[in-house]
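Novice: Have a look at this one.
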Amino acid sequence: MLRLTSPFVMVIFGATGDLNQRKLLPALFHLYKKNILPPEFFIVGFSRRDYSEVVFKTFLKEAIVKYDDRHKLDENQWERFARNIFYQQGDFDQIDGYDQCIAKLAEFDKKLNACVPRYFYLATPPDKYEIILKFLHETKLSEGCGQGSDKWTKVMVEKPFGRSLEDAKKLDMKLATIFKEEQIYRLDHYLGKETVQNILAFRYGNTMFDPLWNRQFIDHVQITIGESLGVETRGNFYEGVGALRDMAQSHLLELMTAIAMKPDKYSVETLRDARAQVVGSIVAIKPEEVTRYVVRGQYGRGITNEGQGMTNQIEMRGYREESNVDPQSNTETYVALKVLLNHPRWDGVPFYLRTGKRLLKKVTEIAVVFKEPRLNLFGSHFRGKTNVLRFNIEPNEGITLSVLAKKVGLISEFESMPMAFTYQKQTELPQAYERLLLDGMKGDQTLFTRTDEVEASWKFISKISKGWQLQGVPDFPNYPAGSWGPEGATQLIEKDGREWLLK
Ligand code: BG6
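Residue 1702 is where the sequence shown ends in our numbering, and the numbering goes up by one at each step.
Right under this line is the structure:
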């Protein structure tokens, strides 16, 4: 039912990079295996490395084997899929590769005797976006088949969109001079996660939650994106970007938005409006107030149980010892924030957000903590924790609601019990990139961020960066690898009389 029929060509800039190896290519391969990709398609990897097509395909095959640990590679399927893969060697800042690409894409059009729709996927570090866009424009590749029609091209841009508000604005202006908004797909893969989409369904599909979804009943919200991995091979990208720009500006704020937004119908623009409205209503943190609301951290050496469920302990390097990282680096690998919204529904309800690398475990969770019942007949020992609705984004995807219940027995004792919904173990959840690539190809922009939302998030984030500049050199490292982050993050929430539920 979902099968796409129109052929396409996807040019992936940065095809030998981490993102393509870990996420994009595996997602395309899954879509192929599920028989969703159309009968005819062409994937062109555009990168600097001097690879032949054969070497490039072997490189991708190895990546699939390495990173797609859910499936054993089926050689035959791979061989069939790989027939659709091509390689274009080129420097992003030299015209030659783009010129050669024109010829390659023209061959596909000729082969199918059609204007094959083109997707340009920017999977490079963001500082390359501008030059790539410039050449797409100059060579008229951006105009698609026959260089004269904008109907057949789309551009997919990975977060982070720039490194600051100014950058983001510049990038948007550049994009807008070349493409129309309907052709621009800005990706934040958290929006494509199955469990994130379930938040809206859960809130609006169930009569009992929507009426409670406001400051009258909700005490606060906690959002944690914990990663057990460190910076891995991405030191070059991560240095100077840090957790605030890499994770908070996009993924953390998107999760918050999924909780706080209130669209009045399910349509592309209403949902995008509702998201932009939430981000636009975040109360700005003045640079001089940054320590009250934001805590940053960087991991030092430590011991971790790498991967969940493993019992063997591994000694981990500190961030400053990672490859391609400055040994004196002040880049933060952790950030925790207290965010308030300037909105009648959320007035006074704090959203505590945190994310970090090399934390105790890989986990993404949202906890909506409800206020205590007004008439508390059963004592105060559950204060602040009676009803907590947890969205387990991953792992163990599902939703849990804790409720107060009487303990079995002859005396009146009460305990907090979970009511849980988990996705069936046998159901394999689609990966976020599968969903986003598919939506992109179908032309559905619902799960892609719009320029006003991106700009509003940068406005908020930039003030924090400014505040950190004013503060001067941080005292890094300040949390050991394999912990829950710096002590300051515990104080951030405890000074409000609350505590992190995940610890
Ligand atoms: C990416 C960040 O957007 O998200 C990475 O650039 C991070 O630093 C990754 O590791 C986390 O994604 P996920 O889906 O594994 O939680």
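Every residue gets a Cβ at the ideal spot worked out from N, C-alpha and C, and that includes glycine.
If the criterion is Cβ atoms closer than 8 angstroms, does the pair P1526 and K1662 meet it?
Specialist: Numbered from its first residue, the sequence shown carries residue 1526 at position 327. Numbered from its first residue, the sequence shown carries residue 1662 at position 463. Result no, Cβ atoms of P1526 and K1662 do not sit closer than 8 angstroms.
Novice: Throw me the rounded Cβ distance for the L1588 and L1451 pair, which I believe falls under 8 angstroms.
Specialist: Counting from 1 along the sequence shown, the entry for residue 1588 is found at position 389. Counting from 1 along the sequence shown, the entry for residue 1451 is found at position 252. That belief does not hold up - the Cβ atoms of L1588 and L1451 are roughly 18 angstroms apart, past 8 angstroms.
Novice: Pull up the CB-CB distance for Q1293 and G1244, whole angstroms please, since I reckon it's below 8 angstroms.
Specialist: Looking up residue 1293 in the sequence shown gives position 94. Looking up residue 1244 in the sequence shown gives position 45. Q1293 to G1244, Cβ: 17 angstroms. No contact.
Novice: Determine the DSSP secondary structure at N1275, reduced to helix, strand or coil.
Specialist: By one-based count along the sequence shown, residue 1275 stands at place 76. Helix.
Novice: Using beta-carbon positions only, say whether I1211 and Y1320 come within less than 8 angstroms of one another.
Specialist: Translated into the one-based positions of the sequence shown, residue 1211 becomes position 12. Translated into the one-based positions of the sequence shown, residue 1320 becomes position 121. Against a cut-off of 8 angstroms, the Cβ pair of Y1320 and I1211 comes out as a contact.
Novice: Identify the continuous beta strand (DSSP E) that holds P1617 and give its terminal residues.
Specialist: Residue numbering aside, residue 1617 sits at position 418 when the sequence shown is read from its first letter. Where P1617 is concerned, the enclosing beta strand (DSSP E) stretches over 1613-1621.
Novice: Buried or exposed: which applies to V1208, given that a residue is buried once 16 or more other Cβ atoms fall within 10 Å of its Cβ?
Specialist: Within the sequence shown, the letter at position 9 stands for residue 1208. That one is buried.
Novice: Is the closest heavy atom of ligand 1 to the C-beta of D1445 under 7 angstroms?
Specialist: Counting from 1 along the sequence shown, the entry for residue 1445 is found at position 246. Result yes, Cβ under 7 angstroms from ligand 1.
Novice: Return the CA-CA distance between I1331 and N1405, expressed in angstroms with no decimal places.
Specialist: Position 132 of the sequence shown holds residue 1331. Position 206 of the sequence shown holds residue 1405. Roughly 46 angstroms separates the two Cα atoms.
Novice: Any heavy atom of ligand 1 closer than 7 angstroms to the beta-carbon of T1563?
Specialist: Translated into the one-based positions of the sequence shown, residue 1563 becomes position 364. Because some heavy atom of ligand 1 lies under 7 angstroms away, the Cβ of T1563 counts as near it: yes.
Novice: Do you know how far the Cα of V1478 is from the Cα of E1686?
Specialist: Residue numbering aside, residue 1686 sits at position 487 when the sequence shown is read from its first letter. Residue numbering aside, residue 1478 sits at position 279 when the sequence shown is read from its first letter. Distance between the alpha carbons of E1686 and V1478 is about 28 angstroms.
Novice: Can you tell me whether S1682 is helix, strand or coil according to DSSP?
Specialist: Residue 1682 sits at position 483 when you count from the first residue of the sequence shown. Strand.
Novice: Please determine whether the Cβ atom of I1424 lies at a distance below 7 angstroms from any heavy atom of ligand 1.
Specialist: For the purposes of this step, residue 1424 is taken as the residue at position 225 of the sequence shown. At least one heavy atom of ligand 1 is nearer than 7 angstroms to the Cβ of I1424, so yes.
Novice: Only counting the same chain, and skipping five residues up and downstream in sequence, which positions put a Cβ closer than 6 angstroms to that of P1617?
Specialist: The residue labelled residue 1617 in the question sits at position 418 within the sequence shown. Cβ neighbours of P1617 beyond the five flanking positions: T1599, S1601.
Novice: Kindly indicate which three-state DSSP category Q1507 falls into: helix, strand or coil?
Specialist: Against the sequence shown, residue 1507 aligns to sequence position 308. Summary for Q1507: the model assigns pLDDT 48, below 50, so the residue's position carries little reliability; its value from the coordinates is reported in the next sentence. Three-state result, Q1507: coil.
Novice: Am I right that L1636 and A1226 are in contact with their C-beta atoms under 8 angstroms? What's the rounded C-beta distance?
Specialist: Translated into the one-based positions of the sequence shown, residue 1636 becomes position 437. Translated into the one-based positions of the sequence shown, residue 1226 becomes position 27. Between A1226 and L1636 the Cβ distance is about 6 angstroms, and since that is below 8 angstroms, they are a contact.
Novice: Please indicate yes or no: does the CB of H1388 lie closer than 7 angstroms to some heavy atom of ligand 1?
Specialist: Counted from its first residue, the sequence shown places residue 1388 at position 189. Under cutoff, so the answer is yes.
Novice: Can you round the beta-carbon distance between M1446 and I1424 to whole angstroms, since I take them to be within the 8 angstroms contact cut?
Specialist: Within the sequence shown, numbered from 1, the residue matching residue 1446 stands at position 247. Within the sequence shown, numbered from 1, the residue matching residue 1424 stands at position 225. The pair is a contact, with the Cβ atoms about 6 angstroms apart (cut-off 8 angstroms).
Novice: Which residues in the same chain as L1311 place their Cβ atom closer than 7 angstroms to its Cβ, once the five residues preceding and following it in sequence are excluded?
Specialist: In the sequence shown, the residue the question calls residue 1311 occupies position 112. Once the five neighbours on either side are set aside, the close Cβ partners of L1311 are P1206, E1239.
Novice: Quick one: grab the DSSP three-state call for K1702.
Specialist: Here residue 1702 refers to the residue found at position 503 when the sequence shown is read from its first residue. Coil at K1702, not helix or strand.
Novice: What is the DSSP secondary structure of H1419, counted as helix, strand or coil?
Specialist: Mapped onto the sequence shown, residue 1419 falls at position 220. The answer is strand: DSSP assigns H1419 an E or B state.
Novice: Quick check: S1449 and P1359, are their CB atoms within less than 8 angstroms of each other?
Specialist: Position 250 of the sequence shown holds residue 1449. Position 160 of the sequence shown holds residue 1359. The answer is yes: Cβ separation under 8 angstroms.
Novice: From the DSSP secondary-structure annotation, give me the bridge partner or partners of Q1704.
Specialist: Because the chain is modelled from 1200 through 1702, residue 1704 falls outside the range shown and cannot be assessed.
Novice: Under the assumption that Y1518 contacts G1429 (Cβ atoms under 8 angstroms), give the Cβ distance between them as a whole number of angstroms.
Specialist: By one-based count along the sequence shown, residue 1518 stands at place 319. By one-based count along the sequence shown, residue 1429 stands at place 230. Between G1429 and Y1518 the Cβ distance is about 7 angstroms, and since that is below 8 angstroms, they are a contact.
Novice: Measuring only the C-alpha atoms, how far is L1691 from W1657?
Specialist: Along the sequence shown, one-based indexing puts residue 1691 at 492. Along the sequence shown, one-based indexing puts residue 1657 at 458. Their backbone Cα atoms lie some 23 angstroms apart in a straight line.
Novice: Assign S1251 to buried or exposed, taking buried as 16 or more other Cβ atoms, counted over all protein chains shown, within 10 Å of its Cβ.
Specialist: As a working note, residue 1251 is residue 52 in the sequence shown. With fewer than 16 other Cβ atoms within 10 Å, it is exposed.
Novice: Alpha carbon to alpha carbon, how far is G1216 from T1323?
Specialist: By 1-based counting over the sequence shown, the position of residue 1216 is 17. By 1-based counting over the sequence shown, the position of residue 1323 is 124. Going from the Cα of G1216 to the Cα of T1323 covers about 7 angstroms.
Novice: DSSP three-state call for N1591: helix, strand or coil?
Specialist: By 1-based counting over the sequence shown, the position of residue 1591 is 392. Three-state result, N1591: strand.
Novice: Provide the residue span of the beta strand (DSSP E) that contains M1515, from first to last.
Specialist: Against the sequence shown, residue 1515 aligns to sequence position 316. Run containing M1515: 1513-1515, per the beta strand (DSSP E) assignment.
Novice: With a 10 Å radius around its C-beta and 16 neighbouring C-beta atoms as the bar for buried, classify L1340 as buried or exposed.
Specialist: By 1-based counting over the sequence shown, the position of residue 1340 is 141. Flag for L1340 reads buried.
Novice: In whole angstroms, what separates the C-alpha of E1357 from that of N1413?
Specialist: On the sequence shown, position 158 is the one that residue 1357 refers to. On the sequence shown, position 214 is the one that residue 1413 refers to. Taking the straight line joining both Cα atoms gives about 32 angstroms.
Novice: Could you please give the first and the last residue of the uninterrupted beta strand (DSSP E) stretch that includes E1431?
Specialist: The residue you call residue 1431 lines up with position 232 of the sequence shown. Per DSSP, E1431 belongs to no beta strand (DSSP E) and is neither H nor E.
Novice: Is the Cβ-Cβ distance between A1442 and T1563 less than 8 angstroms?
Specialist: Here residue 1442 refers to the residue found at position 243 when the sequence shown is read from its first residue. Here residue 1563 refers to the residue found at position 364 when the sequence shown is read from its first residue. No.
Novice: Once the 5 residues before and after I1660 are set aside, which same chain residues still bring their CB inside 7 angstroms of it?
Specialist: Walking along the sequence shown from the start, residue 1660 turns up at place 461. Hits under 7 angstroms: L1443, R1444, A1447, Q1448.
Novice: Rounded C-beta distance between Y1318 and G1639? I'm assuming under 8 angstroms.
Specialist: Here residue 1318 refers to the residue found at position 119 of the sequence shown. Here residue 1639 refers to the residue found at position 440 of the sequence shown. The Cβ separation is near 7 angstroms, so the contact holds.
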